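Reading through the structure tokens given below for one structure.
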Amino acid sequence: MSQVSTRKIIVNSIIFLLIAGFLYLIVMKFIDKKEKATNAAIAASPTGPKPAMGVDGIVVKSSAMSDDVDLPGQLLPYEEVDIKPEINGKLIALNIKEGGAIAKGQLIAKIFDADLKAQLNKLNVQLDLAQKTEERLKQLLTINGASKQDYDNAVGQVNNINADIEILKVNLSKTEIRAPFSGKLGLKSVSNGAYVTSGTILTSLQQLNPCKLEFSVPEKYLANIKTNEKVMFTIDGHINPYQATIYAIDTKADPVNRNIKIRASVPNANGSLSPGVFANVKLSLKEGNALLVPSQSIIPDAKSKKVFVVKNGKASLVVIQTGLRNSSMVQVLNGLNIGDTVITTGLLSLKPDMAVKIKAIKTIEK
């Protein structure tokens, strides 16, 4: 390698080292500025607690409460039954007026019974003969003209025939189908001359005076429901409300929705009410003294209902059980005490144990 080339390499190396050193100084200066700015920001930031959040609240107080709850209901027949024969046979009479009234015990249908009557006549002849035989053997037995076994057999024959006669009489009575109660007949399902069985529906019968109003109430309202109490209800298309008297309360709640079925009796002498019609039941629920909170203060979730309560200057989340409700207030059954301060504003921003400051507070007056 020549002397000129060596000198050129040395010069280039020196230039490269100078440029690298210059760039290093620039980078270190930038990093130093950034660290100083970060430290200054940290030094300027407050190290104390965050300021308390301003909220409004109410002081829980025992107050009187009453409310009307609207519940869906349905009108049903007081009694209802499908008219079916108890025996098989040919239908020889079904002379009823569809949709007409019928009295208890009145004949609805007649099934062919000539064969049963013939059997009954035959059994009566056999009974007469068996009774004469039994009487003759009884007399012979007194003079040892007949054995005790022969006489006992004759007595047994009489008893057997009497039993067969009773069975036939029962079957004959089943050929006449009568109304089990007074009411209104439905439409005919068969015609005269049809062969019917014990599963054949001939028609239906409904007792419509009184009618039955059936509705369900939440389990928590059960204490407000009593038998013989009056309830009012309305029906679409009817101007005036109707009154019903509660006569039965179910003993168990629905396992799914925890509702309890209620039945009430409704007078219907003029026949203006029809079964199957939906009704709007207005149930008056009354409580003497209750702890109330505004409805907007309640935070519902899938399993429970909660409210924020101020405790020692912080927001505390409390699980509550609710009862009656009106347009603005909700009854609290469990979870709160008189004098508790319930937060009513800023609920979306609140978190448990967050510092809060009450800006405005009020009590619930009776």
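Under this note's numbering, the letters of the sequence shown match residues 8 to 373, in that order. Yeah, the Cβ is synthetic: ideal placement off N, Cα and C, and Gly gets one too. Values in this document were obtained by computation on a predicted structure and should not be read as measured data.
With distance defined between alpha-carbon atoms, name the residue in 238, 98 and 340 nearest to residue 201. Closest by alpha carbon: 98.
How big is the Cα-Cα spacing for residue 369 and residue 65? 5 angstroms
Report yes if the CB atom of residue 62 is closer than 7 angstroms to the CB atom of residue 290, and no otherwise. no
Applying the 10 Å Cβ sphere with the 16-neighbour rule, what's the burial state of residue 92? buried
Looking only at its own chain, which residues have a Cβ that is under 6 angstroms from the Cβ of residue 181, when we skip the five neighbours before and after it? 93 and 94
Is the separation between the beta-carbon of residue 260 and that of residue 253 shorter than 7 angstroms? Not closer than 7 angstroms, so no.
So if DSSP puts residue 181 in a beta bridge, which residue, or which two residues, is it bridged to? The partner list for residue 181 (beta bridge, DSSP) is empty, contrary to what the question assumes.
Residues near residue 361 by beta carbon distance below 7 angstroms, same chain, minus five either side: Beyond the five residues adjoining it in sequence on each side, residue 361 comes within less than 7 angstroms, by CB distance, of 60, 321 and 322 in the same chain, given in chain order.
So what does residue 195 bridge to, in DSSP terms? In DSSP, residue 195 forms no bridge with anything.
Just reading off the alpha helix (DSSP H) that residue 140 is part of, what are its end residues? Counting along the chain, the unbroken alpha helix (DSSP H) around residue 140 starts and ends at 121 to 149.
Whether or not the stretch 152 to 171 and the stretch 125 to 135 are in contact is what I'm after, with contact meaning three or more pairs of Cβ atoms, one per stretch, closer than 8 angstroms; do they touch? yes
Which runs of the beta strand (DSSP E) fall wholly inside the stretch 216 to 267 and span at least 3 residues, in chain order? 237 to 241 and 249 to 256
Since I believe residue 238 is in contact with residue 251 (beta carbons under 8 angstroms), could you give me their beta-carbon distance rounded to a whole number of angstroms? 5 angstroms
C-alpha distance - residue 249 paired with residue 355, whole-angstrom precision: Answer to the nearest angstrom: the Cα atoms are 45 angstroms apart.
Tell me which residues share the same chain as residue 120 and place their Cβ nearer than 8 angstroms to its Cβ, disregarding the 5 neighbours each side in the sequence. 96, 179 and 182
State the Cα-Cα distance for the pair residue 241 and residue 198, rounded to the nearest angstrom. 39 angstroms
Straight-line Cα distance separating residue 229 from residue 280: 27 angstroms
Output the distance between the C-alpha atoms of residue 287 and residue 223, rounded to the nearest integer angstrom. For residue 287 and residue 223, the distance between alpha carbons rounds to 12 angstroms.
Alpha-carbon spacing of residue 353 relative to residue 231, whole angstroms: 35 angstroms
If you draw a straight line from the alpha carbon of residue 80 to that of residue 236, how long is it in whole angstroms? 16 angstroms
Compute the Euclidean distance between the alpha carbons of residue 186 and residue 176, then round it to the nearest angstrom. Between the alpha carbons of residue 186 and residue 176 lies a gap of roughly 20 angstroms.
Excluding the five sequence neighbours on either side, which residues of its own chain have a C-beta within less than 6 angstroms of the C-beta of residue 49, listed in chain order? Note on residue 49: pLDDT 47, under 50, position unreliable in the model; the coordinate value appears next. Answer for residue 49: no residue qualifies.
Would you mind reading off the limits of the beta strand (DSSP E) that contains residue 323? 321 to 332
Under 8 angstroms Cβ to Cβ from residue 234, same chain only, skipping five residues before and after it: list those, please. 253, 254, 255 and 256
Extent of the continuous beta strand (DSSP E) run through residue 340: Residue 340: member of the beta strand (DSSP E) spanning 336 to 341, first to last residue.
Is it buried or exposed, residue 141, if we count other Cβ atoms within 10 angstroms and call 16 or more buried? buried
Nearest residue (CA-CA) to residue 209, options 221, 325 and 196: Selected option, being the one with the closest Cα: 196.
Starting from the C-beta of residue 161, find all residues in its chain whose C-beta is less than 6 angstroms away, skip the five residues before and the five after it, and write them out in chain order. 140, 141 and 144
Take residue 137 and list the residues in its own chain whose beta-carbon comes closer than 8 angstroms to its own, dropping the five residues that flank it on each side. 161, 164, 165 and 168
Relative to the ligand NAP, is the shortest distance from any of its heavy atoms to the C-beta of residue 201 smaller than 6 angstroms? What this structure holds is no ligand at all, so the ligand NAP is not there to describe.
Three-way DSSP call (helix, strand, coil) for residue 311 in this model: Of the three classes helix, strand and coil, the one that applies to residue 311 here is coil, per DSSP.
From residue 86 to residue 218, what distance separates their C-alpha atoms? 8 angstroms
With a 10 Å radius around its C-beta and 16 neighbouring C-beta atoms as the bar for buried, classify residue 331 as buried or exposed. That one is buried.
Alpha-carbon to alpha-carbon, residue 245 and residue 189: Distance between the alpha carbons of residue 189 and residue 245 is about 27 angstroms.
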